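The structure under discussion appears below in the form of structure tokens.
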Amino acid sequence: MDNVFTNFFGIIPSLDDNFVMKPLVPPDSEWSYFMIENLPYHGSLLTLVWDQDGTHYNCAGNNTAGLSLYSNGTLFHHQPQLGPVNATLPFDTAAAAHHLASEPRWQNILANPNVPWAGYPNVSTSWCLNPDGDNCLYPAWKMNDGLLWYDTTPDNRWTNNQSFSPYSTLDLRFARPRRIHSLSLAVFADSDRGGVVACPEGLRIADGKTNQTVAFRQPWADCVPNALNTIFFSDPARSEGPNTTTMTADDDDEEEAYTLETDHLQLTLSDRLQYTTAISEIQVWVAPESGPRYEAEDGLVGAFIGGFQGEAVGMNGSFEAGGVRLGEGAWVELGNVRTRDGEAGWKEVSVIGGGEGKVEVQVNWLRNCTVEFAGNGSRSVEVEMLRGGNVVTIFQTEGMPFIDAIVVEILILDLLQLGLVCVLEDPVAGDMVPGLAVADIVAHVAEQGAIVDADALQESDQVVWAVGAVGAAVGLASARWCFGEQFLARVRRVPASATVGVAADVAVGVADVVLVFGFEFF
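Structure follows, in structure tokens:
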């Protein structure tokens, strides 16, 4: 794509507030129109429209002949001929970059370039068009391969064409429960050019585990063909029934959307009369993980180039028990891994896992560090990380090790702090802990400049049994957050009376012992 944008269309990137373009398309060629839509540039979305006679596009209600440049939908430059451009951007580049850096970089957790080889995330459906009874022409995995276009040929879509049912159900599955508040559908349609594919008549989105409806459209009047349509969820408790229309385009509001935690979504589409339905891509966007813990099952397992064209390399891995089991030649890769302060430097990364075997830990495809497992535990390595997001790849070299997660720069202060948040958020635990003691420790944590990340903690009732004292609750809650349920399953072998009344530093020390020596310590 770089060759298309920077060479053929002649966009010349610059660091100042100017937009420079020297297209190689001859002005007298047969290219009477083209459009580049929503091109990210200096914190803005640019749209370039060339319409030689003004009859092909209708931008902002105007049929304008010539070359038009838009920033976030607002026209800032127009010229009658397709030639060199040197225009001043309608915004301050430095301010736009600062604003862009402060915004969260949302992630599409349904995209999987390893399909159809990889297990999760995946999209499946009971219908596929196979006219010869053997080859599926439009497989479901094309809806989450991370590629999106609306061309008829080459295709990149699934369709229920020639299905005997006017309804189609699609199953979306993730490796672990995720907090989701919306679903985006790239709807393919060719009915405007005499085809048989149009926007669906209706849709229903439900939690695949409870069958509760979180979005319903019947009719789906605001569906936009050949575009990305985002559907925000509604609280099923407020709905009058499973077939009641929920939030529409006029009242869609991300801040008001209902957040569902699940690893399985079901999407049901109903065909418009006399038409079939096709989906080019399904996307699920969530806020990125803030660390310091990054789950292995969120990564990509093996593959070379991707599923649309490429080959399955390093795919001898499987998702199991909240992590990834690596067989011979397998690897798992995690993206957007950040240091605590987002800055570069040599940092300690703990690989949490188990089984028997060895792995190589690689950051940004550079230096490798060997980690050996012999039973469950945590192994730490020193790695050089760059500023911002990093890519961490874990390669199997011996045995069949199990990788649960990686933790970047976990400190004893983090263990104390996270455990306290867990205690404070649990009503039962809060009643059992002296308020003054908790307040004193919270004040101490604040003095150290630590940042409380309450969203990283869930299901704090797992540690209620041990909150007879601040220390025990803090230590066990922290250990559970760092090491998962496997830690609690082992530490519960210790009599509860042995932990009740333990001082905070001792309890946190228990968690730290596991960090250093692994689960086998118990």
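Residue numbers (my numbering): 82 to 603.
No residue lacks a Cβ here, since even glycine has one placed at the ideal position from N, Cα and C.
All figures in this text were calculated on a predicted structure; none of them were measured in a lab.
M116 counts as exposed, since fewer than 16 other C-beta atoms from the protein chains shown sit within 10 angstroms of its C-beta.
L309 is positioned such that its CB atom lies no closer than 8 Å to that of I286. Distances from the CA of V277 to each of V204, Q355, L150 were compared; the closest alpha carbon is that of Q355.
Minimum Cα-Cα distance from R238 among the listed residues W131, T420, T250, T358 corresponds to T358. If you ignore the 5 residues before and after W222, its C-beta comes within less than 6 Å of the C-beta of V196, P197, all in its own chain and listed in chain order. The beta-carbon separation of P317 and W301, rounded to 19 Å, does not stay under the 8 Å limit for a contact. Note on the segment 145-212: whole beta strand (DSSP E) runs with a minimum of 3 residues are 147-152, 155-160, 166-169, 203-206, in chain order. Assignment of beta-bridge partners to A287 by DSSP yields T294, Q347. For Y122 and S149, the gap between their C-alpha atoms comes out near 16 Å.
Residue burial is scored here from C-beta neighbours: D379 has at least 16 other C-beta atoms within 10 angstroms and is therefore classed as buried. The C-alpha of E424 lies about 12 Å from the C-alpha of V418. Under DSSP, S249 forms a beta bridge with L350.
Between M396 and G436, the gap from beta carbon to beta carbon reaches 8 Å or more.
Note on geometry: alpha-carbon atoms of S205 and P161 lie some 49 Å from one another. As the crow flies, the alpha-carbon of D273 is around 10 Å from that of P306.
For V472 against N445, the beta-carbon gap comes to about 5 Å, under 8 Å, which counts as contact. Apart from the 5 residues on each side of it in sequence, H180 sits with its Cβ closer than 8 Å to the Cβ of G124 in its chain, given in chain order. DSSP, read as helix, strand or coil, puts S315 in coil. In this structure R374 is in contact with A486, their Cβ atoms being roughly 5 Å apart against a cut-off of 8 Å. In this chain, M224 is not harboured by any beta strand (DSSP E), its DSSP state being neither H nor E. The C-beta distance from V442 to V430 rounds to 7 Å, short enough to fall under 8 Å.
For L120, the enclosing beta strand (DSSP E) stretches over residues 114-122.
Counting only the Cα atoms, P107 lies some 42 Å from L210.
Rounded to whole angstroms, the Cβ separation of M466 and K439 is 22 Å, and the two are not in contact under 8 Å. Residue nearest to E463 within the set T420, M224, F172 is T420 (criterion: CA-CA distance). Closest in alpha carbon position to A296, among V268, I475, L341, T169, is L341. Taking all protein chains in view, the Cβ of I475 is crowded by 16 or more other Cβ atoms within 10 Å, so the residue is classified as buried.
For N167, the closest alpha carbon among the candidates F157, A176, Y114 is that of F157. Here the C-alpha atom of L126 lies approximately 25 Å from the C-alpha atom of I360.
The C-alpha of A192 is placed about 25 Å away from the C-alpha of D271. Each of G147, E118, V367 was checked against the Cα of W112, and the nearest Cα belongs to G147.
In the three-state reduction of the DSSP assignment, A256 falls in the strand class. Taking 8 Å as the cut-off, the Cβ atoms of H159 and T169 do not count as close. No residue range can be given for F89, since it is assigned to no beta strand (DSSP E) and is classified by DSSP as neither H nor E.
The beta-carbon separation of G289 and T343, rounded to 7 Å, stays under the 8 Å limit for a contact.
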